[in-house]
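Heads up: the structure comes next, in structure tokens.
There are 2 protein chains.
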Amino acid sequence: MNALEKLLQRIIQRVNINLREFDFDVTPFIEGLVSQKELETVHGFYTVSPQHTLDFRFSHSNLAGSYFLGKCRTTNAILFKSDIRGDELKKKGTIFKAAGFAIPLTKNEGIRIEDSFLMKTLVHNYSHDPESPERFTISNTVSTHYANIHGSPTDGSFLGPFATVDLTTVNDCVIGAYSYVQAGEINHFHIDCGTVWVRSPGNFNFLYRYPDNALRPYIRFEPGRQPQGEFVDFIASHNKEFDKIFATVNRKIPIQVPDTASLDRFAVVLPETTIAENVLVSQRSFLQNASLGKGSNAQENCFIINSNLEGYNVTAHGAKLIDVDLGLKVFVGFNSFLRGQNSRLQIGKDCIIMPHTIIDSAAPIRIPPGSLVWGYITSEQDLQENSIPLEDLRKITSGFSQGHIVFEGNGNSFVKAFQNRIMHILDANGAFFDGKKGKGHAQRNQNISFNIVQPYAEGKKKGLYPTMVIKP
Amino acid sequence: MNALEKLLQRIIQRVNINLREFDFDVTPFIEGLVSQKELETVHGFYTVSPQHTLDFRFSHSNLAGSYFLGKCRTTNAILFKSDIRGDELKKKGTIFKAAGFAIPLTKNEGIRIEDSFLMKTLVHNYSHDPESPERFTISNTVSTHYANIHGSPTDGSFLGPFATVDLTTVNDCVIGAYSYVQAGEINHFHIDCGTVWVRSPGNFNFLYRYPDNALRPYIRFEPGRQPQGEFVDFIASHNKEFDKIFATVNRKIPIQVPDTASLDRFAVVLPETTIAENVLVSQRSFLQNASLGKGSNAQENCFIINSNLEGYNVTAHGAKLIDVDLGLKVFVGFNSFLRGQNSRLQIGKDCIIMPHTIIDSAAPIRIPPGSLVWGYITSEQDLQENSIPLEDLRKITSGFSQGHIVFEGNGNSFVKAFQNRIMHILDANGAFFDGKKGKGHAQRNQNISFNIVQPYAEGKKKGLYPTMVIKP
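Same order as they appear, the protein sequences are chains W and L.
Using my numbering, you'd call the opening residue of the first sequence number 425 and step up by one each time.
Using my numbering, you'd call the opening residue of the second sequence number 425 and step up by one each time.
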């Protein structure tokens with residue numbers, strides 16, 4: 425057994441120890457999921473930019489395919505085609521507000537990932553945990569294909585494919601495939617597949633569960649097998665274009681991009697695509713015949729194909745738009761899959777499409793402006809059951825239930841929380857930049873070069889990377 | 425003036441201070457030699473291999489295009505498309521024999537390059553200076569296109585294009601274009617262009633000088649201008665093939681290579697090329713319609729085109745073979761330019777072609793086996809004047825002179841010194857590997873991956889690289 429195999433065994437053991445009360449063995453889910461050969465040959469990337477805090481260290485990890493935008497440390501982790509983004513880390517001296525406290529930060533926030541296996545998992549920084557505001561930690565965690573760990577310390581957990589933990593501290597949990605959790609701190613939870621859970625203790629609780637078997641055609645994950653279904657096939661059929669981009673050291677941007685916008689050099693852009701002012705296109709986005717209006721952002725792992733975005737649109741991490749028209753300020757949440765099959769799917773202005781929503785229809789669907797939309801929709805009839813006008817939701821004070829959703833608490837605070845977050849995302853990404861004020865990622869991420877880091881190609885450490893410290 | 429421009433100014437000043445007694449100003453030779461844009465966009469490479477001592481550190485240098493095979497440190501240097509090879513560095517605990525001493529080494533040998541401008545200069549490690557056996561230092565030195573600094577500490581010097589200092593400690597010297605110096609320690613020398621000088625104090629002294637103007641068509645270097653001539657044009661016309669190779673992160677080897685041979689992933693290989701057992705092809709070699717027999721080695725920056733190498737042939741750094749046939753064990757020295765213009769140039773077995781030899785003939789030339797050959801040869805007649813049978817040279821005890829060469833001292837010790845070195849080169853490169861014993865670079869350099877390092881793309885440090893430490 426070489427060092428890389430030993431490393432994987434150790435991680436599996438650590439996670440199993442954490443999950444022992446569920447009697448959950450991650451072994452059959454993980455073993456054979458990635459070929460040793462891939463881990464040995466795919467290369468990683470680390471930012472070189474004066475805009476980002478550089479401090480990259482790792483010891484005998486495997487970093488295959490990882491993309492680190494700023495500060496990081498990993499010790500004995502496997503990060504396969506992950507994206508550990510450190511470009512929003514909190515700075516020393518600022519005040520962090522959380523849980524009613526105003527916490528002055530005594531040092532720059534860092535990331536630390538230890539004994540973890542992250543498989544094509546997006547990890548975005550900025551700890552929302554008031555107990556560790558300067559440290560974004562992931563340890564003893566296994567996370568699988570296209571999961572998102574967003575703004576949250578995570579410890580001893582297992583995340584299924586296309587699962588998301590968002591603004592959440594997760595300890596010793598199992599998060600099922602295509603589940604979305606934004607629920608503050610959770611410990612010892614086993615979340616079923618296809619659960620969409622947004623909770624703000626004391627304010628509201630939003631809980632949707634996909635109907636039995638509805639998810640099976642899209643995503644299923646069984647012991648001893650690779651994840652399967654439409655989501656996986658869809659991504660696989662577009663991967664060739666990414667291979668080309670990752671095989672070259674530098675790259676010419678294939679289209680005209682305004683000075684105030686940025687197009688990551690690891691994004692795929694196919695004709696006829698247009699990009700307006702203040703647009704941010706992140707790495708591993710896939711744009712084909714896409715029109716991105718002013719201030720829109722296309723986040724990591726999203727696909728925008730044959731679609732028009734009018735402006736100030738958020739297409740969040742892993743969201744997919746095919747044959748879709750978005751009005752102004754439409755928000756499409758994490759990992760949503762919106763497809764107008766040979767017909768148009770039209771979404772009116774100010775709509776909020778909840779994370780992990782599937783709209784997949786052969787007939788045209790038109791969603792009225794100002795709607796909140798969730799769950800599984802294949803027809804106008806489903807839409808009725810899985811949406812509510814934001815105006816109506818605002819008026820709800822104690823809760824409502826329709827179809828597969830249960831909502832408790834205050835509708836107005838739910839709508840406000842979402843709208844504030846959308847505004848924050850647009851603002852942080854530079855959507856409102858006026859030439860002077862409002863700079864964000866779109867204006868700051870334009871001139872980044874990347875170090876390309878590679879593992880040992882032979883010997884006992886084959887597939888592991890030498891220790892490297894990068895400092896300004 | 426940004427940090428990169430300041431850095432270049434500082435280096436120029438330091439070198440001028442060292443060379444003040446010659447009243448030699450390097451400014452007009454250096455300014456404008458490399459465009460700022462190239463320094464900002466070309467990327468560097470650093471080895472990841474368990475076979476090499478990793479310790480790469482640098483602070484605010486520009487490393488554009490450099491290729492570091494093993495241990496290194498640079499502080500405030502510009503290394504443009506250089507090759508600082510650290511794969512023969514001496515190890516702690518070994519005994520280094522030099523100048524009649526047997527010196528036990530107390531630490532691993534390191535490389536240190538400070539305040540230097542190296543422009544497409546090959547630097548090969550292994551200090552031959554008994555005063556600093558553990559340190560290979562280059563500082564306050566400007567070295568220009570396709571110069572070679574080989575096995576020697578170098579301080580406060582200027583090297584013209586295609587110049588070579590070999591096994592030589594050079595302090596405060598100016599080495600003219602296409603000059604070769606292998607002379608022990610030299611201080612405060614100004615070596616004219618086209619000087620080939622091999623000295624072993626007390627044993628022999630070989631001194632050749634190119635006839636006036638003979639070199640002009642091949643290489644000329646005038647203040648305020650880029651180097652010009654046949655050498656430069658020849659390289660420029662082949663550069664496109666290198667661009668393709670350096671633009672990709674990894675690369676498939678285009679031809680079949682035996683298990684005991686190695687072909688660097690940065691070498692150009694065009695049809696119909698064949699590589700036999702125990703062959704070593706180094707980075708930035710160019711092979712086209714070349715047949716490399718058993719145990720041959722093609723060193724950095726060499727070109728082998730339409731040529732057959734029978735076996736155990738050394739084509740040293742920067743040597744060029746076009747339409748040439750080499751018999752067994754023919755050695756072709758540094759930067760030699762051997763061209764059979766539409767006819768064959770045939771070189772018999774065991775010949776030694778001295779470094780910096782030009783053989784350029786429209787008529788066929790056949791060199792008898794066992795000859796020593798030097799200088800400028802365009803015809804059979806020139807060959808008579810610029811060669812001697814090794815057997816005859818062996819019998820010389822006090823010296824001889826013919827044409828432009830003066831030889832003093834003992835011919836046998838000269839021949840022995842060269843033959844020993846050739847055997848050492850073949851041995852170190854793995855030419856004699858028998859499947860068990862005799863492993864060398866050909867067997868060790870097969871599975872190397874490279875980190876690709878890039879500079880800041882914006883800001884005050886544009887064109888400089890962040891500090892990076894790489895350790896096993």
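Ideal Cβ positions, reconstructed from N, Cα and C, are used throughout, including at glycine.
Fair warning: this is a prediction, and the values are worked out from it, not measured in the lab.
Query, Result
"Whole angstroms is fine: what's the gap from residue 442 of chain W's alpha carbon to residue 499 of chain W's?", "19 Å"
"Runs of 3 residues minimum, wholly inside the region 428-494 of chain W: which ones carry the beta strand (DSSP E) assignment?", "468-472, 480-483, 491-493"
"Using the beta-carbon count (16 or more within 10 Å), is residue 735 of chain W buried or exposed?", "buried"
"Taking Cβ-Cβ distances shorter than 9 Å, what residues in chain L pair up with residue 588 of chain W?", "The premise fails here: residue 588 of chain W is roughly 30 Å from chain L at the closest Cβ pair, so nothing lies under 9 Å."
"Quick one: grab the DSSP three-state call for residue 538 of chain L.", "strand"
"Could you please give the first and the last residue of the uninterrupted beta strand (DSSP E) stretch that includes residue 763 of chain W?", "761-764"
"Going by CA-CA distance only, name the one from W/767, W/782, W/775 that's closest to residue 760 of chain W.", "W/782"
"Measuring straight from C-alpha to C-alpha, what distance separates residue 712 of chain W and residue 756 of chain W?", "18 Å"
"Could you name the residues that DSSP lists as bridge partners for residue 496 of chain W?", "W/480"
"So, do the region 587-596 of chain W and the region 626-643 of chain W have three or more beta carbon pairs nearer to each other than 8 Å?", "no"
"Can you grab the Cα-Cα spacing for the pair residue 564 of chain L / residue 518 of chain W, in whole Å?", "44 Å"
"So with Cβ pairs under 8 Å, would you call residue 495 of chain L a contact of chain A?", "No chain A appears in the structure shown, which is made up of the protein chains W and L."
"Closer than 6 Å by C-beta to residue 675 of chain L: which residues in its own chain qualify, once you throw out the five before and the five after it? Chain order, please.", "689"
"Decide yes or no for the touch test of the region 653-662 of chain W against the region 857-874 of chain W: beta carbon pairs closer than 8 Å, at least 3 of them.", "no"
"Using alpha carbons as the reference points, say which of L/851, L/789, L/744 lies closest to residue 725 of chain L.", "L/744"
"By the 10 Å Cβ neighbour count, where 16 or more other Cβ atoms means buried, how is residue 585 of chain W classified, buried or exposed?", "buried"
"Can you name the residues of chain W whose CB is closer than 9 Å to the CB of residue 847 of chain L?", "Within chain W, no residue comes near residue 847 of chain L; the closest Cβ sits about 28 Å away, beyond 9 Å."
"For a contact defined as C-beta to C-beta under 8 Å, what are the partners of residue 585 of chain L on chain W?", "By Cβ distance, chain W contributes nothing, its closest Cβ being about 27 Å from residue 585 of chain L, past 8 Å."
"Does the region 464-478 of chain L come close enough to the region 876-890 of chain L to have 3 or more Cβ pairs within less than 8 Å?", "yes"
"Less than 8 Å between the C-beta atoms of residue 682 of chain L and residue 701 of chain L, yes or no?", "yes"
"By Cβ distance, which residues of its chain are closer than 8 Å to residue 596 of chain L, with the 5 residues on each side in sequence left out?", "442, 443, 445, 579, 580, 581, 611, 612"
"Quick one: give me the first and last residue of the alpha helix (DSSP H) that residue 669 of chain W is part of.", "654-670"
"Please name the residue in W/618, W/856, W/543, W/490 whose C-alpha comes closest to that of residue 909 of chain W.", "Missing from the structure shown is residue 909 of chain W; chain W here goes from 425 to 896 and no further."
"According to the neighbour-count rule (16 or more other Cβ atoms, all chains shown, within 10 Å of its Cβ), is residue 720 of chain L buried or exposed?", "buried"
"Quick one: residues in its chain with C-beta nearer than 6 Å to the C-beta of residue 541 of chain L, no 5 flanking neighbours on either side, listed in chain order?", "435, 502, 566"
"Can a CB atom of chain W be found closer than 8 Å to the CB of residue 883 of chain L?", "yes"
"Could you confirm whether any beta carbon from chain L is found closer than 8 Å to the beta carbon of residue 778 of chain W?", "no"
"Candidates W/774, W/753, W/790: which alpha carbon is nearest residue 763 of chain W's?", "W/790"
"Is residue 852 of chain L helix, strand or coil by DSSP?", "helix"
"Take residue 868 of chain W and list the residues in its own chain whose beta-carbon comes closer than 6 Å to its own, dropping the five residues that flank it on each side.", "475"
"Note down, in chain order, every chain L residue with its Cβ under 8 Å from the Cβ of residue 880 of chain W.", "472, 473, 474, 873"
"So, helix, strand or coil for residue 555 of chain W, using DSSP?", "coil"
"At 3 residues or longer, what runs of the beta strand (DSSP E) sit wholly inside the region 601-658 of chain L?", "604-606, 609-611, 619-624, 628-633"
"Mind checking who residue 847 of chain W pairs with in its DSSP beta bridge?", "Residue 847 of chain W is not bridged to any residue."
"Cβ atoms of residue 671 of chain W and residue 673 of chain L: under 8 Å apart, would you say?", "yes"
"May I have the straight-line CA-CA distance separating residue 691 of chain W from residue 523 of chain L, to the nearest angstrom?", "59 Å"
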